[in-house]
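S.K.:
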Amino acid sequence: MALLFLDPGLLTKRAAIERNDLVTDGSGGARENWVEVGETSVRVEPLTAIVEEKLGQRIVAITHRVTLRARAGLVRGMAFRLGARRLLIRSLHDPDETGRWLVCRCEEEA
1163 MALLFLDPGL
1173 LTKRAAIERN
1183 DLVTDGSGGA
1193 RENWVEVGET
1203 SVRVEPLTAI
1213 VEEKLGQRIV
1223 AITHRVTLRA
1233 RAGLVRGMAF
1243 RLGARRLLIR
1253 SLHDPDETGR
1263 WLVCRCEEEA
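Remember, the working numbering sits 1162 above the position in the sequence shown when you count from 1.
#1: Quick check: the stretch 1169-1180 against the stretch 1203-1212, are at least 3 beta-carbon pairs closer than 8 Å?
#2: If you draw a straight line from the C-alpha of Leu1168 to the C-alpha of Arg1193, how long is it?
#3: To the nearest angstrom, how far is it from the Cα of Glu1214 to the Cα of Arg1227?
#4: Report yes if the C-beta distance between Pro1236 and Leu1209 is below 8 Å; otherwise report no.
#5: Use the C-beta contact count for Arg1248: other C-beta atoms within 10 angstroms, 16 or more gives buried, fewer gives exposed.
#6: Rounded to whole angstroms, what is the Cα-Cα separation between Arg1267 and Ser1189?
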């Protein structure tokens, strides 16, 4: 197996890691409650921007690839927060199966 080389010097952004703890609203529904659970250095690369029209409104879905050093406890459904932006983790994988890195496919929250 060939080892993937990732330069740690490319992890230039600091991102908060957030978990979504849903809070019941008393009427059978729930609301989002994002809680910061850590912080890490990441590399963020924009991937796609898809524009759709729904109910007469223009909806833009923007995806990113986020690379970071591997860490326990990071799962789908969590998010990276970069200032006012929240990148929702849709999938994550170890690109060379060495346990050193994680690559996450994320969707920017509208």
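C-beta atoms are modelled at their ideal positions from N, C-alpha and C, and glycine is treated no differently.
M.R.: On the basis of the data shown:
#1: Yes: at least three Cβ pairs fall under 8 Å.
#2: So the alpha carbons of these two residues sit roughly 38 Å apart.
#3: In a straight line, the C-alpha of Glu1214 is about 21 Å away from that of Arg1227.
#4: Correcting the residue type first, residue 1236 is Leu in the shown sequence and not Pro. No; because the gap between Cβ atoms is not below 8 Å, this pair is not in contact.
#5: Classification for Arg1248: buried.
#6: Between Arg1267 and Ser1189, the C-alpha separation is close to 34 Å.
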